[in-house]
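Asker: Residue numbers (my numbering): 7 to 448.
For every residue, glycine included, the Cβ atom is placed at its ideal position computed from N, Cα and C.
First the structure, which I've put down as structure tokens, then a few questions once you've had a look.
Have a look at this one:
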């Protein structure tokens with residue numbers, strides 16, 4: 007009976023670990039709540055992981071490097087179901103297992119010294135000290151997972167770390183796991199009581215060093231994010247200052263042409279009145295062509311939006327692109343700088359793609375709408391070939407990749423700033439860019 011109760015207890019611990027490790031990856035990558043994790047594929051993978059942990063606990067005293075299989079299961083779960091880069095998914099799969107190995111080894115050695123019980127007995131016996139060791143280890147694992155998530159989340163999921171930084175970080179974690187494994191082998195071989203004290207101290211030191219590594223990861227990520235944002239901001243400001251200046255000048259020309267409409271009609275009237283019909287027809291033809299090129303597509307309460315959209319769509323029309331534009335009037339809550347960057351980059355991409363289409367199929371459809379909670383920017387343009395199939399990451403094909411490759415990044419950064427989202431997709435012969443920006447974001 008005692009054996010059945012003990013087996014049930016250990017299986018319960020293993021199930022707890024399976025859920026704790028998978029939820030760590032889910033929380034790190036998706037930042038969701040436990041309830042949504044439970045009712046997703048997380049439950050299935052947690053139970054699979056718990057079964058694998060139970061199997062290895064049955065065939066070995068301490069997993070050591072076999073624990074990498076646990077990381078592999080978590081990594082598969084992250085790759086199939088969670089967001090983030092491959093490096094982030096690998097990191098989220100390694101960290102909880104690393105915490106488990108270090109915590110379990112530290113607590114086991116600590117209680118071995120505390121109770122004066124051989125290390126192997128703590129690992130395999132059915133005793134109160136082993137029960138205390140298991141419970142204490144789980145508490146420390148959960149605590150360290152919470153601490154590490156709190157530290158790492160300040161770094162915004164560390165998506166800005168470069169390859170070299172990831173290699174160094176993962177190598178340090180690997181070295182720590184190696185040190186822990188060696189120390190456990192030493193403990194299993196049998197050491198003096200004094201030697202056990204040193205083992206416990208070394209484990210404690212390894213634990214502290216890796217907490218410092220987590221802080222370094224977070225700080226590196228924040229520093230890289232700030233540097234990248236500064237580069238984007240500098241380029242956006244330079245571009246927007248030049249563009250707003252030229253767009254406003256062009257928009258003023260449009261207004262002046264419309265204002266002079268009466269004078270031009272009067273001139274035509276006089277030519278017709280003087281029976282100079284050919285000159286009148288020529289004059290009207292030139293004037294209508296100029297009006298078509300300088301067409302006013304929208305008139306909103308925001309002069310920046312007016313300048314950007316009217317000048318961009320006027321340029322598009324000069325390339326023979328058919329235009330449909332539906333737009334709201336009010337853009338309160340969105341900074342002019344962000345509006346200019348967002349609209350100009352979306353329309354630049356649309357115009358560039360349309361240029362390569364057949365003349366009869368060139369068209370751009372733009373619809374900007376809003377409701378109580380959000381703004382919705384939707385721009386569709388015809389394409390000659392599939393963009394997402396040939397270029398799924400939407401990388402620039404321009405020579406100056408450092409400068410021109412920022413268009414999509416700028417669009418995504420603006421959506422992130424307003425807690426919205428960006429979606430690129432294709433419908434038939436059209437490429438679609440849809441940006442959602444939440445209202446009420448400071």
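What residue does the alpha helix (DSSP H) around residue 103 start on, and which one ends it?
Answerer: As a first step, residue 103 must be located in the chain shown, where it is residue number 97. Unbroken alpha helix (DSSP H) run through residue 103: 92 to 121.
Asker: So residue 330 is in the beta strand (DSSP E); what residue range does that whole segment cover?
Answerer: Looking up residue 330 in the chain shown gives position 324. Unbroken beta strand (DSSP E) run through residue 330: 328 to 333.
Asker: Thinking C-alpha only, which one of 92, 340 and 128 is nearest residue 376?
Answerer: For this step, residue 376 is matched to residue 370 along the chain shown. Answer by Cα proximity: 340.
Asker: Report the option in 445, 311, 326 and 348 whose CA atom is closest to the CA atom of residue 335.
Answerer: Against the chain shown, residue 335 aligns to sequence position 329. The shortest Cα separation from residue 335 among 445, 311, 326 and 348 belongs to 311.
Asker: Measure the beta-carbon distance from residue 420 to residue 353 and round it to whole angstroms, keeping in mind my assumption that it falls under 8 Å.
Answerer: Along the chain shown, read from residue 1 onward, the residue named residue 420 stands at position 414. Along the chain shown, read from residue 1 onward, the residue named residue 353 stands at position 347. Residue 420 to residue 353, Cβ: 14 Å. No contact.
Asker: Could you round the C-beta distance between residue 357 and residue 333 to whole angstroms and report it? I think they count as a contact, below 8 Å.
Answerer: Along the chain shown, read from residue 1 onward, the residue named residue 357 stands at position 351. Along the chain shown, read from residue 1 onward, the residue named residue 333 stands at position 327. A Cβ-Cβ separation of about 17 Å leaves residue 357 out of contact with residue 333 under the 8 Å criterion.
Asker: With burial defined as no fewer than 16 other Cβ atoms inside 10 Å of the residue's Cβ, what is the status of residue 309: buried or exposed?
Answerer: As a first step, residue 309 must be located in the chain shown, where it is residue number 303. Under this definition residue 309 is an exposed residue.
Asker: Here's the rule I'm using: 16 or more other beta-carbon atoms within 10 Å means buried, otherwise exposed. How should residue 447 be labelled?
Answerer: Position 441 of the chain shown holds residue 447. Exposed: under 16 other Cβ atoms inside 10 Å.
Asker: Suppose you measure from the CA of residue 432 to the CA of residue 394; what does that come to, to the nearest Å?
Answerer: Stepping through the chain shown from its first residue, residue 432 is reached at position 426. Stepping through the chain shown from its first residue, residue 394 is reached at position 388. Straight-line Cα distance between these residues: approximately 8 Å.
Asker: Just to confirm my understanding: we take residue 23, look at its own chain, exclude 5 residues before and 5 after, and list those with CB closer than 8 Å. What are they?
Answerer: On the chain shown, position 17 is the one that residue 23 refers to. Answer for residue 23: 55, 56, 59, 106, 144 and 147, listed in chain order.
Asker: Who are residue 437's beta bridge partners in DSSP?
Answerer: In the chain shown, residue 437 corresponds to position 431, counting from 1. BP columns for residue 437 point to 387 and 432.
Asker: Identify every residue that forms a DSSP beta bridge with residue 370.
Answerer: Position 364 of the chain shown, counted from the first residue, corresponds to residue 370. DSSP output for residue 370 lists 329 and 387 as bridge partner(s).
Asker: Report the residue from 362, 177 and 272 whose alpha carbon sits nearest the alpha carbon of residue 290.
Answerer: By 1-based counting over the chain shown, the position of residue 290 is 284. It is 272.
Asker: Measure from the alpha carbon of residue 320 to the alpha carbon of each residue in 170, 424 and 302, then state which is nearest.
Answerer: Looking up residue 320 in the chain shown gives position 314. Out of 170, 424 and 302, 302 has the C-alpha closest to the C-alpha of residue 320.
Asker: Just the C-alpha distance for residue 198 and residue 232, rounded to the nearest angstrom, thanks.
Answerer: As a first step, residue 198 must be located in the chain shown, where it is residue number 192. As a first step, residue 232 must be located in the chain shown, where it is residue number 226. Distance between the alpha carbons of residue 198 and residue 232 is about 51 Å.
Asker: With residue 35 and residue 74 assumed to form a contact (beta carbons below 8 Å), what rounded beta-carbon distance in angstroms separates them?
Answerer: What you label residue 35 is simply residue 29 of the chain shown in a count that begins at 1. What you label residue 74 is simply residue 68 of the chain shown in a count that begins at 1. With 8 Å as the limit, residue 35 and residue 74 do not qualify as a contact, their Cβ atoms being about 20 Å apart.
Asker: What are the residues that DSSP puts in a beta bridge with residue 359?
Answerer: Counting from 1 along the chain shown, the entry for residue 359 is found at position 353. Answer is none; residue 359 lacks a bridge partner.
Asker: Taking only the alpha-carbon atoms, compute the straight-line gap between residue 275 and residue 381 and give it to the nearest angstrom.
Answerer: Locating residue 275 in the chain shown gives position 269, where the first residue counts as 1. Locating residue 381 in the chain shown gives position 375, where the first residue counts as 1. About 47 Å.
Asker: Rounded to whole angstroms, how far is the Cβ of residue 362 from the Cβ of residue 435, which I believe are closer than 8 Å?
Answerer: Here residue 362 is taken as the residue at index 356 of the chain shown, counted from 1. Here residue 435 is taken as the residue at index 429 of the chain shown, counted from 1. Incorrect: roughly 12 Å between the Cβ atoms, too far for contact.
Asker: Excluding the five sequence neighbours on either side, which residues of its own chain have a C-beta within less than 8 Å of the C-beta of residue 423, listed in chain order?
Answerer: Taking the first residue of the chain shown as position 1, residue 423 is located at position 417. Here the set comprises 344 and 447.
Asker: Between residue 438 and the rest of its own chain, which residues show a CB-CB distance below 6 Å, the 5 nearest in sequence each way excluded?
Answerer: Translated into the one-based positions of the chain shown, residue 438 becomes position 432. Cβ neighbours of residue 438 beyond the five flanking positions: 386 and 431.
Asker: How is residue 376 classed by DSSP in three states: helix, strand or coil?
Answerer: As a first step, residue 376 must be located in the chain shown, where it is residue number 370. Under the three-state reduction of DSSP, residue 376 is assigned to strand.
Asker: Using the C-alpha atoms, what's the distance from residue 180 back to residue 452?
Answerer: Nothing can be reported for residue 452, as the shown portion of the chain is limited to 7 through 448.
Asker: Mind checking which residues open and close the alpha helix (DSSP H) that includes residue 303?
Answerer: In the chain shown, residue 303 corresponds to position 297, counting from 1. Looking at the DSSP string, residue 303 is not in any alpha helix (DSSP H), and its letter there is neither H nor E.
Asker: Can you tell me whether residue 164 is buried or exposed? The criterion is at least 16 other CB atoms within 10 Å of its CB, across all chains shown.
Answerer: Counting from 1 along the chain shown, the entry for residue 164 is found at position 158. Because residue 164 carries a pLDDT of 48, less than 50, the predicted location of this residue cannot be relied on, and the following value inherits that uncertainty. Buried, by the Cβ-count rule.
Asker: Can you give me the C-alpha to C-alpha distance between residue 19 and residue 92, rounded to a whole angstrom?
Answerer: Residue numbering aside, residue 19 sits at position 13 when the chain shown is read from its first letter. Residue numbering aside, residue 92 sits at position 86 when the chain shown is read from its first letter. Roughly 29 Å separates the two Cα atoms.
Asker: On the DSSP letters alone, give me the boundaries of the alpha helix (DSSP H) that residue 47 sits inside.
Answerer: Within the chain shown, the letter at position 41 stands for residue 47. For residue 47, there is no enclosing alpha helix (DSSP H), as DSSP marks it with neither H nor E.
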